[in-house]
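Protein chains in written order, with my numbering: chain A, 1 to 142; chain B, 143 to 284.
Notes follow once the structure below has been shown.
Number of protein chains: 2
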Amino acid sequence: MDHQIYLKKAGLKSTLPRIKVLSLFENNDEHHLSAEDIYKQLLLTGDDVGLATVYRVLTQFEQAGLLVRHNFEGGKSVFELNQGEHHDHIVCLQCGRVEEFYDAVIESRQKKAAAERGFSMQDHSLNIYANCTKPKCPNKRR
Amino acid sequence: MDHQIYLKKAGLKSTLPRIKVLSLFENNDEHHLSAEDIYKQLLLTGDDVGLATVYRVLTQFEQAGLLVRHNFEGGKSVFELNQGEHHDHIVCLQCGRVEEFYDAVIESRQKKAAAERGFSMQDHSLNIYANCTKPKCPNKRR
DNA sequence: CTAATTGCAAAAGCTTTGCAGCGCA
DNA sequence: TGCGCTGCAAAGCTTTTGCAATTAG
Chain A
1 MDHQIYLKKA GLKSTLPRIK VLSLFENNDE HHLSAEDIYK QLLLTGDDVG
51 LATVYRVLTQ FEQAGLLVRH NFEGGKSVFE LNQGEHHDHI VCLQCGRVEE
101 FYDAVIESRQ KKAAAERGFS MQDHSLNIYA NCTKPKCPNK RR
Chain B
143 MDHQIYLKKA GLKSTLPRIK VLSLFENNDE HHLSAEDIYK QLLLTGDDVG
193 LATVYRVLTQ FEQAGLLVRH NFEGGKSVFE LNQGEHHDHI VCLQCGRVEE
243 FYDAVIESRQ KKAAAERGFS MQDHSLNIYA NCTKPKCPNK RR
């Protein structure tokens, strides 16, 4: 199991809840999931994992660098697999879907803007809230 | 009173709590305040305003366009006066202080990035989390 | 076997809401 | 005077924590 390697590296025992959560992120077409999302999906598949455990696992995975946490508008944290390469997000205001993008110019100008003002950038989050102009937008969430 | 004009325009009666809150934003050297910040400051000055009222007033001011709400990391909303011109934020990881900046290149590339992917940008938030390299950093909050 | 992990329930933070009374226009 | 506004307390949400029972290595 690939999962066990990841977990071992993070110093975490490979338990059922952890493997389930990790699998969920890998086999879901929506890459951005909240604790509630995960909890419900696991209930659906009969894998009963306590909500508290979901929160604990997510926090551990974030600290281990397996997941990245985002705080979009709406008061709940959303997580995604850490695929190594940083990217920013476009959040669809109609359906809540999240699309990823990367712009090298924006990245470098951010670092520069911080440096010019006497800061050394540690992290940053850029979220664009937008309406989808394509007809395929499923208009669901939010 | 300038305040009354702003409030009238927003269709809001000019009451004590509203005027106090508005004044606080205008006369504070820290431009970014949370509901709790405001509540505490009003207690200090003997202007007893209920916390629920602070929240209601902030929400009304946001909807009226007088204030802008930000969701920095940490789970609480932070507000600032809406001065018309958009800007992004650098949040100091040591002291929690917020510095503002504007970069025209970043702005235009954001719009472009969204458009290229079939979105029309409605709003965006860019926050840089950074360490202050200047010795003046007061190292307080967080 | 032993420490790590889990589930449940309780609690903690931030924010919202119901309702009776107060205050601006 | 009348409707809007306020304050208080209660409730709502997301997230965290205490603790006894369970499980991985």
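Backbone N, C-alpha and C define an ideal beta-carbon position, used for all residues, glycine too.
Tell me the start and end of each unbroken beta strand (DSSP E) in the segment 80 to 107 of chain A that is at least 3 residues and wholly inside, in chain order. 88 to 92, 98 to 101
Delimiting residues of the alpha helix (DSSP H) encompassing R198/B: Along the second sequence, read from residue 1 onward, the residue named residue 198/B stands at position 56. Per DSSP, R198/B belongs to the alpha helix (DSSP H) from 193 to 206.
Give me the chain B residues within the contact set of D29/A, using Cβ-Cβ distance strictly less than 7 Å, ordered along the chain. Your numbering for residue 29/A matches position 29 in the first sequence. Simply none; closest approach about 17 Å.
Just to make sure I have the definition right: I need the residues of chain B whose C-beta is within less than 7 Å of the C-beta of E99/A. Which are they? By one-based count along the first sequence, residue 99/A stands at place 99. Those within 7 Å of E99/A in chain B are R259.
Considering Cα atoms alone, identify which of G11/A, T53/A, S120/A, E36/A is closest to I232/B. In the second sequence, counting from the first residue as 1, residue 232/B sits at position 90. Looking at the Cα atoms, S120/A is the closest of the given residues.
Less than 9 Å between CB atoms is the rule here; does K40/A satisfy it with respect to chain B? Residue numbering aside, residue 40/A sits at position 40 when the first sequence is read from its first letter. Taking Cβ atoms only, chain B never reaches closer than 9 Å to K40/A, which makes this a no.
So with Cβ pairs under 9 Å, would you call C237/B a contact of chain A? Indexing the second sequence from 1 puts residue 237/B at position 95. Cβ-Cβ to chain A under 9 Å: no for C237/B.
Where N169/B and N28/A are concerned, what is the direct C-alpha to C-alpha distance, given to the nearest angstrom? As a position in the second sequence, residue 169/B is number 27, starting the count at 1. As a position in the first sequence, residue 28/A is number 28, starting the count at 1. Straight-line Cα distance between these residues: approximately 50 Å.
Can you tell me the Cβ-Cβ gap for L200/B and F221/B, rounded? I've got them flagged as a contact below 8 Å. Sequence index remark: in the second sequence, residue 200/B carries index 58 (1-based). Sequence index remark: in the second sequence, residue 221/B carries index 79 (1-based). Going by Cβ atoms, the distance from L200/B to F221/B rounds to 6 Å, so yes, they are a contact pair.
For D88/A, count neighbouring Cβ atoms within 10 angstroms of its own Cβ and tell me buried if that reaches 16, exposed if not. As a position in the first sequence, residue 88/A is number 88, starting the count at 1. With 16 or more other Cβ atoms within 10 Å, it is buried.
Within chain A, partners of R198/B - CB distance below 8 Å: Counted from its first residue, the second sequence places residue 198/B at position 56. Within chain A, no residue comes near R198/B; the closest Cβ sits about 17 Å away, beyond 8 Å.
Please check the pair A113/A and D245/B, which I expect to be a contact at CB under 8 Å, by giving their CB distance rounded to whole angstroms. Taking the first sequence and counting its residues from 1, one reaches residue 113/A at position 113. Taking the second sequence and counting its residues from 1, one reaches residue 245/B at position 103. With 8 Å as the limit, A113/A and D245/B qualify as a contact, their Cβ atoms being about 5 Å apart.
Closer than 7 Å by beta-carbon distance: list the chain A residues that pair up with L164/B, in chain order. Working through the second sequence from its first residue, we reach residue 164/B at position 22. By Cβ distance, chain A contributes nothing, its closest Cβ being about 24 Å from L164/B, past 7 Å.
Option nearest N269/B by Cα separation, candidates L223/B, H212/B, V191/B, A257/B: Sequence index remark: in the second sequence, residue 269/B carries index 127 (1-based). Minimum Cα distance to N269/B is reached at H212/B.
For E36/A versus V98/A, is the C-beta spacing smaller than 9 Å? Locating residue 36/A in the first sequence gives position 36, where the first residue counts as 1. Locating residue 98/A in the first sequence gives position 98, where the first residue counts as 1. Result no, Cβ atoms of E36/A and V98/A do not sit closer than 9 Å.
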